[in-house]
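> Sharing a structure, written as structure tokens. Questions coming.
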Amino acid sequence: MIQIFTEPLAYGFMQRGMLAAVMVGILCAVVGCYVVLRGMAYLGDAISHAILPGVAIAYVLKGDILVGALVAAILVALAIGFFTQRGNIKEDTAIGILFAATLSLGIAIISTIKTYALDLTHILFGNVLGASDTDLVLIAILSVIVLVTLLALYKELLVVSFDPVLAATLRLPTNLLINILLILIALAVVISLQTVGVGLVAAMLVTPAATANLLTRRLPTMMLIAGMLGALASIIGLYLSYYLNIASGAVIVLTTTVFFFIAYVFAPARGIFWNLRHRPPHAAPTR
Amino acid sequence: MNHIPAHLQIQDLDVRYDNNPRLALDNVSFSVPEGTRVAIVGPNGAGKSTLFKAIVGLLPRERGSISIHNGAANTLQECVAYVPQREQVDWRFPVNVQDVVMMGRYGSLGWFKRPAKKDRLAVQHALAQMNIENLARASIGELSGGQQQRVFLARALAQDPRILLMDEPFTGVDVTTQEATLNLLDQLGAQGVTLMVSTHDLNLAASRFERVLLLNRRLVAYGAPAQVLTTDNLLRAFGAHAMFVEGKMIVDDCCPGDEHLLLGESPALETLER
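In the order they appear, the protein sequences are chains A and B.
Just so you know, we're using the working numbering here: the first sequence kicks off at 1 and counts up by one.
Just so you know, we're using the working numbering here: the second sequence kicks off at 1001 and counts up by one.
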């Protein structure tokens, strides 16, 4: 029985893959709490697609693909912040324009490269089992940077997200804090390139955090639960991928989705099941 | 009074929304000595909320200056607390009452510091003062409108302010909350906190405040209630919205959600009778 769990881990690539997937799962889920609470799901998606031209340019210049992705993601995150904070373009419009533009640019560059086909699928859908030791170190360093920043700026990010009026009264640099948050999201997106790929990053940011939001009513607990769900989904996903021979990124995302629906149906006080059983005689809506 | 330095001084203040040709506040100057209770009265659109927002720095000034304790307005910000008319927060956000009140301490805590025992005590004290200790662990989405307001008043208390700005705290709240708010005003007044409260209730302005500031984009009158709330001044401030019914003055703000305001037979208001 225990062999089911130990057997895959006999392979070095599975060990590295597991480590990478767990780190990315935790990081995305914790950062994702802000993505969910601030309603930035679309933004996460946009940043993930904006990586494509960065990766393509890095490939053409024979540079490091992760560095290319990092630069592109941060640039587009700050561009979205710039357009929105000037106030004359709505956020979703700014995202819509940049999202399509960067994706097109990425495809345009890639279409000029003949030998790219294989690597491109890895970028789009991830290749967690191809994680090298260098990748692992990079993922670990970036994860620590992002999590420490989130922890250090906990109060400030909380106020800016919950009550912009108080943030202004306390003279917090709101735009700077939001730009920092955008960069943290960009970093999380870039390192998840390895495990779930560009196409599915948004799910890793949003789904575990949304699930946690159904299960708790405090931000620290929400981050903790989201992180655990992200890690758990990555582990389960990788085992399923090993035994059923399915693309790992897809299984990981599907596992988080299953978690979400379980919570949606059975969550205490908020799930469908609870509401059916505990429907109050007179539903009193709060203001 | 002259030897007390002006705690809050507003000089030649102009505020404009975007590119609106009309100023929202036009050449407003006044000063509030430390520990004074000021009611701000004026019709809808008079710039009462705008004045508060300009003081806390939510709106840019086009002209003029705001100084607190003779320093520029942005230097001593943690001593100013502001309770807006309607909180623009996300009520589904995963924070409980205690968390929200603790945010009042963030200004004095500063960057990277975690709340200490002193801060937790201040929060507990503020909750007790607003009589909502039993709600400490309730999430904010579960509260009634009045309870929500008391939470934000508790947060303002936890800020330990020297100046407290409250925008329409008596509009659209239940009697308990109104009573709690009035008690709070008395207590803070006794502690020497400077209070500026906007209200539609002329009675309340006359009976509970030392000074009244009558505003209609420009400053109409400012001083002791009996001197400010005269028929002439009210007509100048409220114009067509002021009416006389059976010898008493009624100011009517016709916008939805606002109560019709009737001046009662308070002795302080004899000046208003014809």
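Even glycine gets a Cβ: it sits at the ideal position worked out from N, Cα and C.
Since the model is a prediction, treat every value here as computed from it, not as a measurement.
Check L1008 of chain B in the structure and name its three-state DSSP category.
For the purposes of this step, residue 1008 of chain B is taken as residue 8 along the second sequence, with counting starting at 1. Note: L1008 of chain B maps to strand in three-state DSSP.
> Would you tell me roughly how many angstroms separate the C-alpha atoms of Y1106 of chain B and L224 of chain A, rounded to the nearest one?
Indexing the second sequence from 1 puts residue 1106 of chain B at position 106. Indexing the first sequence from 1 puts residue 224 of chain A at position 224. Cα-Cα distance, rounded: 23 Å.
> Could you spell out the range, first to last residue, of the alpha helix (DSSP H) harbouring L1164 of chain B?
Within the second sequence, residue 1164 of chain B is the residue found at index 164, counting from 1. Element bounds for L1164 of chain B: not the alpha helix (DSSP H) but the beta strand (DSSP E), 1163-1167.
> Tell me which residues of the stretch 1129-1140 of chain B have at least one Cβ-Cβ distance to chain A shorter than 8 Å, keeping chain order.
S1139
> Closer than 9 Å, Cβ to any Cβ of chain B: which residues of the stretch 134-160 of chain A, in chain order?
Within the stretch 134-160 of chain A, the qualifying residues are A152, L153, Y154, K155, E156, L158, V159.
> Any chance you could list the alpha helix (DSSP H) runs of at least 4 consecutive residues sitting entirely within the stretch 1119-1163 of chain B, in chain order?
1145-1158
> In chain order, what residues of the same chain lie with their CB nearer than 7 Å to the CB of G199 of chain A, ignoring the 5 residues before and after it?
For the purposes of this step, residue 199 of chain A is taken as the residue at position 199 of the first sequence. Excluding residues within five positions, the ones whose Cβ falls inside 7 Å are L124, F125.
> Sort A:G249, A:V159, A:Y242 by Cα distance to F5 of chain A and report the nearest one.
Position 5 of the first sequence, counted from the first residue, corresponds to residue 5 of chain A. Considering only alpha carbons, the answer is A:Y242.
> Shorter than 8 Å from the beta carbon of D1090 of chain B to some beta carbon of chain A?
By 1-based counting over the second sequence, the position of residue 1090 of chain B is 90. Output row for D1090 of chain B: interface = yes.
> If you run the structure through DSSP and keep just helix, strand and coil, what is Y1017 of chain B?
For the purposes of this step, residue 1017 of chain B is taken as residue 17 along the second sequence, with counting starting at 1. Looking at Y1017 of chain B - three-state DSSP - the assignment turns out to be coil, as it is neither helix nor strand.
> What is the DSSP secondary structure of Y11 of chain A, counted as helix, strand or coil?
Locating residue 11 of chain A in the first sequence gives position 11, where the first residue counts as 1. Note: Y11 of chain A maps to coil in three-state DSSP.
> Just verifying my parser: in three-state terms, what is the DSSP assignment at V253 of chain A?
The residue labelled residue 253 of chain A in the question sits at position 253 within the first sequence. Note: V253 of chain A maps to helix in three-state DSSP.
> Residues of the stretch 158-184 of chain A in Cβ contact with chain B at a cutoff of 9 Å, in chain order, please.
Within the stretch 158-184 of chain A, the qualifying residues are L158, V159, S161, F162, D163, P164, V165, L166, A168, T169, L170, R171, L172.
> With DSSP as the reference, label G197 of chain A as helix, strand or coil.
Residue 197 of chain A sits at position 197 when you count from the first residue of the first sequence. G197 of chain A: coil per DSSP, three-state reduction.
> Closest Cβ-Cβ distance between P1060 of chain B and chain A: below 8 Å?
Residue 1060 of chain B sits at position 60 when you count from the first residue of the second sequence. Not an interface residue.
> So, for P1115 of chain B: in the same chain, excluding its five sequence neighbours on each side, which residues have a beta-carbon less than 7 Å away from its beta-carbon?
For the purposes of this step, residue 1115 of chain B is taken as residue 115 along the second sequence, with counting starting at 1. Counting only Cβ-Cβ distances below 7 Å, and skipping sequence neighbours, we find M1102, R1105, L1109.
> So R217 of chain A contacts chain C; which residues on that side make the cut at Cβ distance below 7 Å?
Judged by its chain identifiers, the structure shown contains no chain C, and its protein chains are A and B.
> Helix, strand or coil for D1026 of chain B per DSSP?
Stepping through the second sequence from its first residue, residue 1026 of chain B is reached at position 26. DSSP places D1026 of chain B in strand when its eight states are reduced to three.
> Between the stretch 19-30 of chain A and the stretch 234-249 of chain A, do three or more beta carbon pairs fall short of 8 Å?
yes
> Quick check on the burial criterion: 16 or more other C-beta atoms within 10 angstroms. Buried or exposed for D1313 of chain B?
In the structure displayed, chain B extends from 1001 to 1274; residue 1313 of chain B sits before or after that span and is not available.
> Quick check: the Cα distance between T195 of chain A and V1080 of chain B, rounded to an integer number of angstroms?
As a first step, residue 195 of chain A must be located in the first sequence, where it is residue number 195. As a first step, residue 1080 of chain B must be located in the second sequence, where it is residue number 80. For T195 of chain A and V1080 of chain B, the distance between alpha carbons rounds to 49 Å.
> Given this structure, state the Cα-to-Cα distance separating V1095 of chain B from R1218 of chain B, to the nearest angstrom.
Residue 1095 of chain B sits at position 95 when you count from the first residue of the second sequence. Residue 1218 of chain B sits at position 218 when you count from the first residue of the second sequence. Approximately 40 Å, taken between the alpha carbons.
> Please give me, in chain order, every unbroken run of the alpha helix (DSSP H) with length at least 4 that falls completely inside the stretch 207-277 of chain A.
Taken in chain order, the unbroken stretches of alpha helix (DSSP H) that lie wholly in the stretch 207-277 of chain A and span 4 residues or more are 219-244, 248-266, 272-277.
> Roughly how many whole angstroms lie between the Cα atoms of N1019 of chain B and P1033 of chain B?
For the purposes of this step, residue 1019 of chain B is identified with residue 19 of the second sequence, where counting begins at 1. For the purposes of this step, residue 1033 of chain B is identified with residue 33 of the second sequence, where counting begins at 1. If I take the Cα positions, the gap works out to 34 Å.
> Distance, Cα to Cα, A202 of chain A vs G44 of chain A?
For the purposes of this step, residue 202 of chain A is taken as residue 202 along the first sequence, with counting starting at 1. For the purposes of this step, residue 44 of chain A is taken as residue 44 along the first sequence, with counting starting at 1. Between A202 of chain A and G44 of chain A, the C-alpha separation is close to 5 Å.
> By Cβ distance below 8 Å, which residues in the same chain neighbour D1061 of chain B in space, the five residues on each side in sequence not counted?
Translated into the one-based positions of the second sequence, residue 1061 of chain B becomes position 61. Sequence check: residue 1061 of chain B is Arg here, not Asp. These residues qualify, in order along the chain: L1013, D1014, V1015, A1054.
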